[in-house]
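*Asks:*
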Amino acid sequence: MEPLPIAQEVRHLRPPVDSSALMHRQLLEGDFWRRIPAYANVSEEEFLDHRWQMKNTITKIEKLLHALEGLVSPAFIADAQAGFKRAPMAVRVSPYLLALIDWKNPYEDPLRRQFIPLASTALPDHPKLRYDSLNEQADAPVPGLTHRYPDKALFLALDTCPVYCRFCTRSYAVGPDTDQAELEKLSLKANKERWELIFRYIASRPELEDIVISGGDVYNLRADQISEIGNRLLDIPHVRRMRFATKGLAVMPQRILTDDEWFQALIQVVQRGRKMSKDVVVHTHFNHPNEITMLTKRALDRLHGEGVVVRNQTVLQRGVNDSFEVMHLLIKRLGYVNVQPYYVYVHDMVKGVEDLRTTVDTAIVLEKAIRGTTAGFNTPAFVVDAPGGGGKRIVHSYEHYDRTTGISVYTSPSVKPGQYFLYFDPIHLLPEAGQRRWADPAEHGKMIQEALDRAQANRR
Ligand SMILES: *Cc1c(COP(=O)(O)O)cnc(C)c1O
Ligand code: SF4
Numbered sequence: 006m007e008p009l010p011i012a013q014e015v016r017h018l019r020p021p022v023d024s025s026a027l028m029h030r031q032l033l034e035g036d037f038w039r040r041i042p043a044y045a046n047v048s049e050e051e052f053l054d055h056r057w058q059m060k061n062t063i064t065k066i067e068k069l070l071h072a073l074e075g076l077v078s079p080a081f082i083a084d085a086q087a088g089f090k091r092a093p094m095a096v097r098v099s100p101y102l103l104a105l106i107d108w109k110n111p112y113e114d115p116l117r118r119q120f121i122p123l124a125s126t127a128l129p130d131h132p133k134l135r136y137d138s139l140n141e142q143a144d145a146p147v148p149g150l151t152h153r154y155p156d157k158a159l160f161l162a163l164d165t166c167p168v169y170c171r172f173c174t175r176s177y178a179v180g181p182d183t184d185q186a187e188l189e190k191l192s193l194k195a196n197k198e199r200w201e202l203i204f205r206y207i208a209s210r211p212e213l214e215d216i217v218i219s220g221g222d223v224y225n226l227r228a229d230q231i232s233e234i235g236n237r238l239l240d241i242p243h244v245r246r247m248r249f250a251t252k253g254l255a256v257m258p259q260r261i262l263t264d265d266e267w268f269q270a271l272i273q274v275v276q277r278g279r280k281m282s283k284d285v286v287v288h289t290h291f292n293h294p295n296e297i298t299m300l301t302k303r304a305l306d307r308l309h310g311e312g313v314v315v316r317n318q319t320v321l322q323r324g325v326n327d328s329f330e331v332m333h334l335l336i337k338r339l340g341y342v343n344v345q346p347y348y349v350y351v352h353d354m355v356k357g358v359e360d361l362r363t364t365v366d367t368a369i370v371l372e373k374a375i376r377g378t379t380a381g382f383n384t385p386a387f388v389v390d391a392p393g394g395g396g397k398r399i400v401h402s403y404e405h406y407d408r409t410t411g412i413s414v415y416t417s418p419s420v421k422p423g424q425y426f427l428y429f430d431p432i433h434l435l436p437e438a439g440q441r442r443w444a445d446p447a448e449h450g451k452m453i454q455e456a457l458d459r460a461q462a463n464r465r
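For the sequence shown, the numbering used here assigns the number 6 to the initial residue and increments by one for each residue that follows.
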């Protein structure tokens, strides 16, 4: 056969993108941790060692402030000290995470914002905020198992994490007690007897096909505990799907890279599941593109090499990822390292983090801008986890949304038929007229009643 003659030049409808502009492929590499004086002499081998990361994880405010001395101003240190005093979450920061923060610009840094509270930026809580805003305890037939949806349940295996996030939805249980005396945390320890009750409950419910194993964070389970939970659940005939939920990949990829015992325990459960035609995956939690480095890619390549599906859940936070540029870069970067962006959550109504919440409108605008920029299966669903236990609802699916009062009303026919669920935008982001109404407590009930009446009238 004659080769086909090339008759034409390649025709472009628009110019090719310069590869230097494809920022999602430019991952931080090298010994970036040496920028931190305390880690200036730490070798790559040490820094990659998960035991070194755990041993050097900072769990005392004094230690954290000590590590930051010389890096930040004394005023910043005092601000953080006062910030922790009023915070519902204890301090816990891995060296890896500390090294990813730009300490030249600590007030603006998106990772600092998520883990280190400042008194100077704190805002008063919305009057409708409370602990356990998702009502996970009310929907728990046994301690640490929330059975809200028809065919899936949430198993809180333990109450510790490799780091503590300021904005944690489960501040009612996760981590040690803090100076916030109001809050005595529910204990959900890694405890065989408690787990036994949970396995028995799941076994007794033939409709349960899908178990989310979370906490706390499964990263803090030992290898034998991963095997125990994974295999016990696989042994229940009607359990078809499991997800191990961990923020670990975002804050300590070292465990995947160098803790072979733990990694193999996870892989064994995934592969045993595959032989049984059951699906075992990992769900993780990246919020900002700076959390994805070359080390992250190496950890995810290791999981991908073993055929492990990884999906991501992001919390939408003001000043962290509430712009198109950042959210788009995050989503592209997740896709690049083979993580499927699954959900973006409108920030739960958690106490003590009003500076991080944003409006439902922000989520709606972002979703519109993001959709179409990449594969549909790499496009996350933007959801509100309906306060009071309505479950996750697509942000656009409200029955009514008043951008002046910031009240949105959702229904959840499959989970709690007939009920209404309210989400409240942060007051400081409302138009003047809305802020004025919230300033008057006598208006609160009226605004809520108006919203419910409108929702009822709109009902389809
Ligand atoms: C999020 C969640 C699940 C899992 O829901 P998906 O939408 O399938 O990710 C299950 N149970 C509870 C209580 C949850 O909050
Ligand atoms: S890792 Fe998850 S469970 Fe742990 S503190 Fe952060 S948000 Fe909460």
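All C-beta atoms in this analysis are idealised placements derived from N, C-alpha and C, irrespective of residue type, glycine included.
Please name the residue or residues paired with N428 in a DSSP beta bridge.
*Replies:* On the sequence shown, residue 428 is found 423 positions in, with the first residue counted as 1. Before going on, a small fix: residue 428 reads as Tyr here, not Asn. Looking at the DSSP assignment, Y428 forms a beta bridge with S413.
*Asks:* From V342 to L105, what distance separates their C-alpha atoms?
*Replies:* Indexing the sequence shown from 1 puts residue 342 at position 337. Indexing the sequence shown from 1 puts residue 105 at position 100. When rounded, the distance between both Cα atoms is 18 Å.
*Asks:* Kindly indicate which three-state DSSP category I297 falls into: helix, strand or coil?
*Replies:* For the purposes of this step, residue 297 is taken as the residue at position 292 of the sequence shown. Reduced to three states, the DSSP call for I297 is coil.
*Asks:* May I have the straight-line CA-CA distance separating L134 from I261, to the nearest angstrom?
*Replies:* Against the sequence shown, residue 134 aligns to sequence position 129. Against the sequence shown, residue 261 aligns to sequence position 256. Going by the C-alpha atoms only, they are around 37 Å apart.
*Asks:* Could you please give me the residues that DSSP links to M247 through a beta bridge?
*Replies:* By one-based count along the sequence shown, residue 247 stands at place 242. BP columns for M247 point to I216, V285.
*Asks:* Nearer than 7 Å: is that true of the beta carbon of R227 relative to any heavy atom of ligand 2?
*Replies:* Counting from one through the sequence shown, the residue named residue 227 turns up at place 222. Every heavy atom of ligand 2 is 7 Å or more from the Cβ of R227, so no.
*Asks:* At the level of alpha carbons, what is the spacing between R237 and I207?
*Replies:* As a working note, residue 237 is residue 232 in the sequence shown. As a working note, residue 207 is residue 202 in the sequence shown. R237 and I207: Cα-Cα distance of roughly 10 Å.
*Asks:* Is the beta carbon of V274 less than 8 Å from the beta carbon of V287?
*Replies:* In the sequence shown, counting from the first residue as 1, residue 274 sits at position 269. In the sequence shown, counting from the first residue as 1, residue 287 sits at position 282. No. Outside cutoff.
*Asks:* Looking at the unbroken alpha helix (DSSP H) that takes in P115, where does it start and where does it end?
*Replies:* Position 110 of the sequence shown, counting from 1, holds the residue named residue 115. Here the alpha helix (DSSP H) through P115 covers 115 to 120.
*Asks:* For M94, is the classification buried or exposed, using 16 other Cβ atoms within 10 angstroms of its Cβ as the cut-off for buried?
*Replies:* Taking the first residue of the sequence shown as 1, we reach residue 94 at position 89. Per the 10 Å Cβ criterion, buried.
*Asks:* Give the DSSP-derived three-state secondary structure of D130 in the structure shown.
*Replies:* Here residue 130 corresponds to residue number 125 of the sequence shown, with the count starting at 1. D130 falls in the coil class under three-state DSSP.
*Asks:* If you reduce the DSSP assignment to three classes, tell me which class T363 lands in.
*Replies:* The residue you call residue 363 lines up with position 358 of the sequence shown. Coil at T363, not helix or strand.
*Asks:* With distance defined between alpha-carbon atoms, name the residue in E404, G35, R117 nearest to R465.
*Replies:* Along the sequence shown, one-based indexing puts residue 465 at 460. Ranking the options by Cα distance to R465, first place goes to E404.
*Asks:* Say yes only if the C-beta of H290 is nearer than 7 Å to one or more non-hydrogen atoms of ligand 2, and no if none qualify.
*Replies:* Here the question's residue 290 lines up with position 285 in the sequence shown. Within the cutoff, so yes.
*Asks:* For a test of the three-state rule: what should DSSP assign to N236, helix, strand or coil?
*Replies:* Position 231 of the sequence shown, counted from the start, is the residue given in the question as residue 236. Residue state, collapsed to three classes: helix.
*Asks:* Considering only heavy atoms of ligand 1, does any lie closer than 7 Å to the CB of Y403?
*Replies:* Residue 403 sits at position 398 when you count from the first residue of the sequence shown. No, ligand 1 has no heavy atom inside 7 Å of this Cβ.
*Asks:* Can you find a C-beta in chain C that's less than 8 Å from the C-beta of V287?
*Replies:* Included in the structure is just one protein chain, with no chain C present.
*Asks:* Y224 to A250, Cα distance in whole Å?
*Replies:* Along the sequence shown, one-based indexing puts residue 224 at 219. Along the sequence shown, one-based indexing puts residue 250 at 245. Distance between the alpha carbons of Y224 and A250 is about 8 Å.
*Asks:* State the beta-bridge partners of N33 as determined by DSSP.
*Replies:* If you number the sequence shown from 1, residue 33 lands on position 28. Position check: residue 33 holds Leu in this sequence, whereas Asn was assumed. DSSP lists T298 as partners of L33.
*Asks:* Are the region 174 to 188 and the region 131 to 150 in contact at 8 Å, needing three or more beta carbon pairs?
*Replies:* Contact between the region 174 to 188 and the region 131 to 150 is present, because at least three Cβ pairs lie under 8 Å.
*Asks:* On a CA-only basis, which of E214, H433, G75 is nearest Y154? Give me that one, please.
*Replies:* Counted from its first residue, the sequence shown places residue 154 at position 149. Nearest option by C-alpha distance: E214.
*Asks:* Under 7 Å from any heavy atom of ligand 2, does the C-beta of D390 make it?
*Replies:* Taking the first residue of the sequence shown as position 1, residue 390 is located at position 385. No, Cβ of D390 sits at least 7 Å from all heavy atoms of ligand 2.
*Asks:* For the alpha helix (DSSP H) that L339 lies in, which residues bound it at each end?
*Replies:* The sequence position of residue 339 within the sequence shown is 334, counting from 1. Looking at the DSSP string, the run of the alpha helix (DSSP H) that includes L339 is 329 to 341.
*Asks:* Alpha carbon to alpha carbon, how far is H333 from R16?
*Replies:* Counted from its first residue, the sequence shown places residue 333 at position 328. Counted from its first residue, the sequence shown places residue 16 at position 11. Going from the Cα of H333 to the Cα of R16 covers about 28 Å.
*Asks:* Any heavy atom of ligand 1 within a distance shorter than 7 Å of the CB on L159?
*Replies:* Indexing the sequence shown from 1 puts residue 159 at position 154. Because some heavy atom of ligand 1 lies under 7 Å away, the Cβ of L159 counts as near it: yes.
*Asks:* If L226 sits next to L163, beta carbons under 8 Å apart, how far is it from one beta carbon to the other, in whole angstroms?
*Replies:* On the sequence shown, residue 226 is found 221 positions in, with the first residue counted as 1. On the sequence shown, residue 163 is found 158 positions in, with the first residue counted as 1. Yes, they are in contact, since the Cβ atoms of L226 and L163 sit about 6 Å apart, within 8 Å.
*Asks:* Would DSSP call V472 helix, strand or coil?
*Replies:* Nothing can be reported for residue 472, as the shown portion of the chain is limited to 6 through 465.
*Asks:* If we count the other Cβ atoms within 10 Å of its Cβ and call it buried at 16 or more, is L69 buried or exposed?
*Replies:* Counted from its first residue, the sequence shown places residue 69 at position 64. Buried, by the Cβ-count rule.
*Asks:* Quick one: measure Cβ to Cβ for D3 and T364, integer angstroms, because I've assumed they're closer than 8 Å.
*Replies:* Shown here, the chain extends from 6 to 465; a query on residue 3 therefore has no answer.
*Asks:* In terms of alpha-carbon separation, which member of S125, V98, F52, L102 lies closest to Q86?
*Replies:* Within the sequence shown, numbered from 1, the residue matching residue 86 stands at position 81. Closest option to Q86, Cα to Cα, is S125.
*Asks:* When we look at the beta-carbon of F268 and count the other beta-carbons within 10 Å, is it buried (16 or more) or exposed?
*Replies:* On the sequence shown, position 263 is the one that residue 268 refers to. F268 is buried by the Cβ-count criterion.
*Asks:* Find the nearest neighbour of R97 within the set W108, R91, I82, I66, judged by alpha-carbon distance.
*Replies:* Walking along the sequence shown from the start, residue 97 turns up at place 92. It is I66 whose Cα lies nearest to the Cα of R97.
*Asks:* Note the first and the last residue of the continuous alpha helix (DSSP H) segment covering N463.
*Replies:* Translated into the one-based positions of the sequence shown, residue 463 becomes position 458. Run containing N463: 446 to 463, per the alpha helix (DSSP H) assignment.
*Asks:* Is V349 near S138, with beta carbons less than 8 Å apart?
*Replies:* Taking the first residue of the sequence shown as 1, we reach residue 349 at position 344. Taking the first residue of the sequence shown as 1, we reach residue 138 at position 133. No; because the gap between Cβ atoms is not below 8 Å, this pair is not in contact.
*Asks:* From which residue to which residue does the beta strand (DSSP E) around F268 run?
*Replies:* The residue given as residue 268 occupies position 263 in the sequence shown. Where F268 is concerned, there is no enclosing beta strand (DSSP E), although the alpha helix (DSSP H) it sits in stretches over 265 to 280.
*Asks:* Return the residue from the list G377, G394, R210 that minimises the CA-CA distance to A386.
*Replies:* Mapped onto the sequence shown, residue 386 falls at position 381. When each option's Cα is compared against that of A386, the closest is G377.
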